[in-house]
Amino acid sequence: MRKISLFISLILLFGCEKYVGTESNPQLNINGRWKISSIVPTFESSVFSSIQVINSEFFAVSPLKVISYDSTKILVSNDTSGLKPCFFYKRGYVWEFQYNNLTLKNDVGKIMAEYNVWFKNDYYSPNDFYLEDKTTGGIIPGNFHFKQNGNGANPANELTITVPDISFDVNICDRKYSRAITQHLFVNLGR
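Note that this note's numbering has the sequence shown beginning at 63, numbered continuously upward.
Structure, rendered in structure tokens:
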């Protein structure tokens, strides 16, 4: 009896496989149409204690124009002239991923730009990617990062893209402050 119970316990201990669910490739979970629902900017400065951006409808990774300032506060706006569409973020705009292709559309469905999406190493950084302009073939500077809530067979319905950080120089009264303002943008998208 003792040998039989030992045999059964050994079979149960070593003979049964334990299923460990593995997450599916996160790159496959972002395929589809995503609409920008919100943009969360954060600004850091070594010079000014308060930074206020006047354009609240959109945010961009672009140079800042100084509107007004005092010793502690600065009021700025984005200069969007000549800006690539992948650096312009407005609620209602659409990012449409199809494997290694990205199409950016405005809020009325007009295609603004198309990019090739190149994901980083699948093992070390599967959620990092960079973009290549399809018309010019030029690489867009900076690395993007995405986070999504999909898991396994459940498709994602929320996507957050971290835009490359950028530091700006500020010129005030013939004085230049190098890297005076650093901008971090988190673009939230939903299906």
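By construction, the Cβ of each residue, glycine as well, lies at the ideal position given by its N, Cα and C atoms.
- One Cα belongs to threonine 165, the other to glutamine 114, and the distance between them is close to 31 Å.
- Within the same chain, Thr104 and Asp227 come within 6 Å of histidine 246 by CB-CB distance, once the 5 residues on both sides are set aside.
- Each residue's CA atom was taken as its position, placing asparagine 162 and leucine 145 some 23 Å apart.
- Valine 232 is positioned such that its CB atom lies no closer than 8 Å to that of alanine 218.
- Following the DSSP letters along the chain, one finds methionine 174 inside the beta strand (DSSP E) bounded by residues 173-181.
- In the same chain as phenylalanine 150, and ignoring 5 residues on each side of it, the C-beta atoms closer than 7 Å to its own belong to Phe120, Ala122 and Thr142, in chain order.
- With at least 16 other beta carbons inside 10 angstroms of its own, valine 249 counts as buried.
- Proline 125 carries a coil assignment under DSSP once its states are collapsed to helix, strand and coil.
- Closest in alpha carbon position to serine 112, among Phe208, Ser130, Ser71 and Val225, is Ser130.
- DSSP, reduced to helix, strand and coil, places asparagine 233 within a strand of the structure shown.
- Alanine 175 is positioned such that its CB atom lies no closer than 8 Å to that of proline 203.
- Ranked by Cα distance from lysine 97, the first of Glu220, Ile70, Lys182 and Asn117 is Glu220.
- By the criterion of a C-beta distance shorter than 8 Å, threonine 244 is surrounded in its chain by Phe105, Glu106, Ser107, Asp227, Ile228, Ser229 and Phe230, once the five residues flanking it on both sides are discounted.
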